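Comments concern the structure below.
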Amino acid sequence: MTIDVEQDNPFDFILEPYATSYPFRYLPHEAHALAPYMDASIIAHSHRVLDWLYSAISDVNQHSDIVQFLASINQAVHRDIGYARRDEEGVQSPNETLELRLGSCRDMAVLFISACRHLGMAARFVSGYLFDPPIDGSHGSAHLYNRAVGSMHAWAEVFLPGAGWKGFDPTNGILANEYFLPSAVAHEPQSVNPIQGKFFSKPNDTPVTSTMEIDLTLEELKE
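Here it is in structure tokens:
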């Protein structure tokens with residue numbers, strides 16, 4: 082794929098006056114449309130999230146700057162959860178991620194989403210790619226910020242009135258910019274698995290096995 086992107090300042094947006102601080106309340110028509118992204122019960126086994134959040138950051142009940150507040154939650158996940166690439170299917174529950182203090186990018190994204198929903202904010206799961214500009218000309222030896230370099234990536238988006246959906250990457254503790262290339266979004270990660278499919282065979286057929294290998298390389302095309 083060749084993707085044409087423009088430079089994007091993740092802080093360059095204007096919020097509605099009623100949504101500049103926390104807590105805020107979505108307008109009725111917004112809340113109706115955002116209902117699937119605000120339902121904290123969709124993410125099972127997340128009852129420990131608020132206890133962790135209250136211990137991880139200050140001013141949870143009231144914060145004068147909503148963007149800084151969300152950035153603090155983003156940084157808290159990045160700080161408290163170690164990164165581990167997991168190739169097996171599925172996503173850890175937030176409780177499991179907090180217990181292990183370890184998870185993949187999708188696990189950390191789900192933890193961040195769960196925290197936002199428990200606080201009354203709409204959040205969704207994003208699957209895609211992250212281009213990390215190499216420092217020395219190669220991704221393998223040095224990179225600027227991507228803990229998950231060389232694999233697909235997952236992050237989260239929060240709906241902020243006036244700005245729309247804004248991306249937060251708890252794996253790397255940063256806001257999403259033009260280097261984040263989304264391919265799918267959903268209210269739950271199971272809806273955007275990168276690989277899906279089925280096969281059928283007759284009951285007496287020899288069992289069928291399959292393997293797949295993926296090599297992902299992201300490169301910047303110079304003008």
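Under the numbering used here, the final residue of the sequence shown carries the number 304; numbering is consecutive throughout. Think of the CB as a built atom: it goes at the ideal place given N, C-alpha and C, for glycine as much as any other residue. All values derive from a computational prediction rather than experimental measurement.
Would you mind giving the Cβ-Cβ distance between residue 179 and residue 129, rounded to the nearest angstrom? I have them listed as a contact below 8 Å.
That belief holds up - the Cβ atoms of residue 179 and residue 129 are roughly 5 Å apart, short of 8 Å.
So, does the region 288-299 touch the region 184-203, judging by three or more C-beta pairs under 8 Å?
Because the criterion of three Cβ pairs below 8 Å is not met, the region 288-299 and the region 184-203 do not touch.
Starting from residue 117, trace the alpha helix (DSSP H) in both directions and tell me its first and last residue.
From DSSP, the alpha helix (DSSP H) with residue 117 extends over 116-119.
For residue 268, count neighbouring Cβ atoms within 10 angstroms of its own Cβ and tell me buried if that reaches 16, exposed if not.
Buried is the call here.
Do residue 141 and residue 259 have their C-beta atoms closer together than 7 Å?
Cβ distance not < 7 Å, so residue 141 and residue 259 don't count as in contact.
Answer yes or no: do residue 151 and residue 239 have a C-beta to C-beta separation smaller than 7 Å?
Yes, they are a contact pair.
Quick one: what's got a C-beta closer than 6 Å to residue 157's C-beta in the same chain, skipping five residues either side?
So the qualifying residues of the chain are 137, 138.
According to DSSP, is residue 168 helix, strand or coil?
Three-state result, residue 168: coil.
Which one of 126, 184, 229, 118 has the shortest CA to CA distance from residue 201?
Closest by alpha carbon: 118.
For a test of the three-state rule: what should DSSP assign to residue 234, helix, strand or coil?
Residue state, collapsed to three classes: strand.
Can you tell me whether DSSP reads residue 263 as helix, strand or coil?
DSSP places residue 263 in strand when its eight states are reduced to three.
DSSP has residue 198 in a bridge; who is on the other side?
According to DSSP, which records beta bridges pairwise, residue 198 is partnered with nothing at all.
Kindly indicate which three-state DSSP category residue 123 falls into: helix, strand or coil?
Three-state DSSP puts residue 123 in a helix.
To the nearest angstrom, how far is it from the Cα of residue 277 to the Cα of residue 213?
Straight-line Cα distance between these residues: approximately 27 Å.
Determine which residues share a DSSP beta bridge with residue 161 and list them.
BP columns for residue 161 are empty, so no partner.
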